[in-house]
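So the sequences go chain by chain: A and B. Just so you know, we're using the working numbering here: the first sequence kicks off at 4 and counts up by one. Just so you know, we're using the working numbering here: the second sequence kicks off at 39 and counts up by one. Using N, Cα and C, we set each Cβ at its ideal position, and we do this for glycine too. Structure, as structure tokens:
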Amino acid sequence: MNPIERSLAGLPRPEPSPALRARILNAVREEIARGRARPARASLWRYAAALAAGVLLCANLSMSAANHTRLFMPPERDGEAIRHAIMLRAAEATEWREWPWDTR
Amino acid sequence: MTPGRDDALLAGLAAGDEGAFAALYDRFGARLFRVAHAFLGSREEAEDVVQDVFLDLVRSRASLARVRDLQAYVFASLRHAAARRGRRARPALADLDGIPSREETPAPDEERARLARAVSALPAAQREVLALHLDGEMTFAEIAATLGISINTAASRYRYAIEKLRAALKGGSP
Chain A
4 MNPIERSLAG LPRPEPSPAL RARILNAVRE EIARGRARPA RASLWRYAAA LAAGVLLCAN
64 LSMSAANHTR LFMPPERDGE AIRHAIMLRA AEATEWREWP WDTR
Chain B
39 MTPGRDDALL AGLAAGDEGA FAALYDRFGA RLFRVAHAFL GSREEAEDVV QDVFLDLVRS
99 RASLARVRDL QAYVFASLRH AAARRGRRAR PALADLDGIP SREETPAPDE ERARLARAVS
159 ALPAAQREVL ALHLDGEMTF AEIAATLGIS INTAASRYRY AIEKLRAALK GGSP
């Protein structure tokens, strides 16, 4: 060790106050408790959101059942179905013959 | 460094075990305070910065399992916390220029006062290595791991600092 290093080593070095340990550990304890409270609050909100989503789904399904909505099927309008039926029946009754103006 | 000991301590810290934080303070608290004091030049600020380091550790404890060198991690956190506190307006954390060093340290005689002034006048990078070596009681390898530099660079910065201090004291001006 050279003289400069000896002088540097001889400079007074402050020590932390004895209360610092307790102060820091108290702050650590509070921060840990805060961190544990945070997920509990978050899970409460998650539970409320899931409950609300469930209620909405049930309401939607019961409305569908009440209106005889056919789930998982393409929507079919009554008017359209009747039109198809009339056309099919008309096709059955049609007598196909050559038209006089057909020159083929 | 004892990896086994660090692993157990890191596991305790990651689990939020208060006893692990107490053990961490007993192991590093005084050295962290002295280095913080060397960086900031104020007892109150040094104590606040050490507390910041511990609170940062609590908040980021989930990622502590990935830490390989606890001492380097803790002192790097201190460096960031000190830069945050000392230079809130400046983004460059490594630039610690202007941070009062030992000037507030009462010097019992003229030579010590001159030495303290000369240390304060050193470039930040050299003063940082000096503080980690003298106040943090760290080897150059440990300083290198903390600062993310090579061991040779850490040793060079220390050597340049000592040479500058010698020249300043020989010349009679800091």
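| message | Whole angstroms are fine: how far does the CA of Gln89 of chain B sit from the CA of Glu166 of chain B? | response | Within the second sequence, numbered from 1, the residue matching residue 166 of chain B stands at position 128. Within the second sequence, numbered from 1, the residue matching residue 89 of chain B stands at position 51. Their backbone Cα atoms lie some 20 Å apart in a straight line.
| 8 Å Cβ cutoff met for Ser20 of chain A and Glu85 of chain B | Counting from 1 along the first sequence, the entry for residue 20 of chain A is found at position 17. Counting from 1 along the second sequence, the entry for residue 85 of chain B is found at position 47. Their beta carbons are under 8 Å apart, which means Ser20 of chain A touches Glu85 of chain B by this criterion.
| said: Applying the 10 Å Cβ sphere with the 16-neighbour rule, what's the burial state of Ala154 of chain B? | reply: Position 116 of the second sequence, counting from 1, holds the residue named residue 154 of chain B. Buried, because 16 or more other Cβ atoms sit within 10 Å of the Cβ of Ala154 of chain B.
| Using CA coordinates, which residue listed in B:Ala179, B:Pro161, B:Ala156 and B:Ile181 is at the minimum distance from Ala205 of chain B? | Within the second sequence, numbered from 1, the residue matching residue 205 of chain B stands at position 167. Answer by Cα proximity: B:Ala156.
| Beta carbon of Arg195 of chain B, beta carbon of Ala163 of chain B: below 8 Å? | In the second sequence, residue 195 of chain B corresponds to position 157, counting from 1. In the second sequence, residue 163 of chain B corresponds to position 125, counting from 1. Closer than 8 Å, so yes.
| For Ala30 of chain A, the three-state DSSP class (helix, strand or coil) | The residue you call residue 30 of chain A lines up with position 27 of the first sequence. Ala30 of chain A falls in the helix class under three-state DSSP.
| query | Going along chain B, which residues have a C-beta under 8 Å from Ala30 of chain A? | reply | Walking along the first sequence from the start, residue 30 of chain A turns up at place 27. Per Cβ cutoff of 8 Å: Gln89, Phe92 and Leu93.
| Are the Cβ atoms of Ser115 of chain B and Asp147 of chain B separated by less than 8 Å? | Position 77 of the second sequence, counted from the start, is the residue given in the question as residue 115 of chain B. Position 109 of the second sequence, counted from the start, is the residue given in the question as residue 147 of chain B. The answer is no: Cβ separation not under 8 Å.
| request: Give the secondary structure of Arg37 of chain A by DSSP, where H, G and I count as helix, E and B as strand, and everything else as coil. | output: Locating residue 37 of chain A in the first sequence gives position 34, counting from the first residue. The answer is helix: DSSP assigns Arg37 of chain A an H, G or I state.
| request: Would you mind telling me which residues of chain B sit closer than 9 Å to Ala12 of chain A, beta carbon to beta carbon, in chain order? | output: Here the question's residue 12 of chain A lines up with position 9 in the first sequence. What Ala12 of chain A touches in chain B: Leu172.
| Buried or exposed (CB count within 10 angstroms, at least 16 for buried), Arg117 of chain B | As a position in the second sequence, residue 117 of chain B is number 79, starting the count at 1. So Arg117 of chain B counts as buried.
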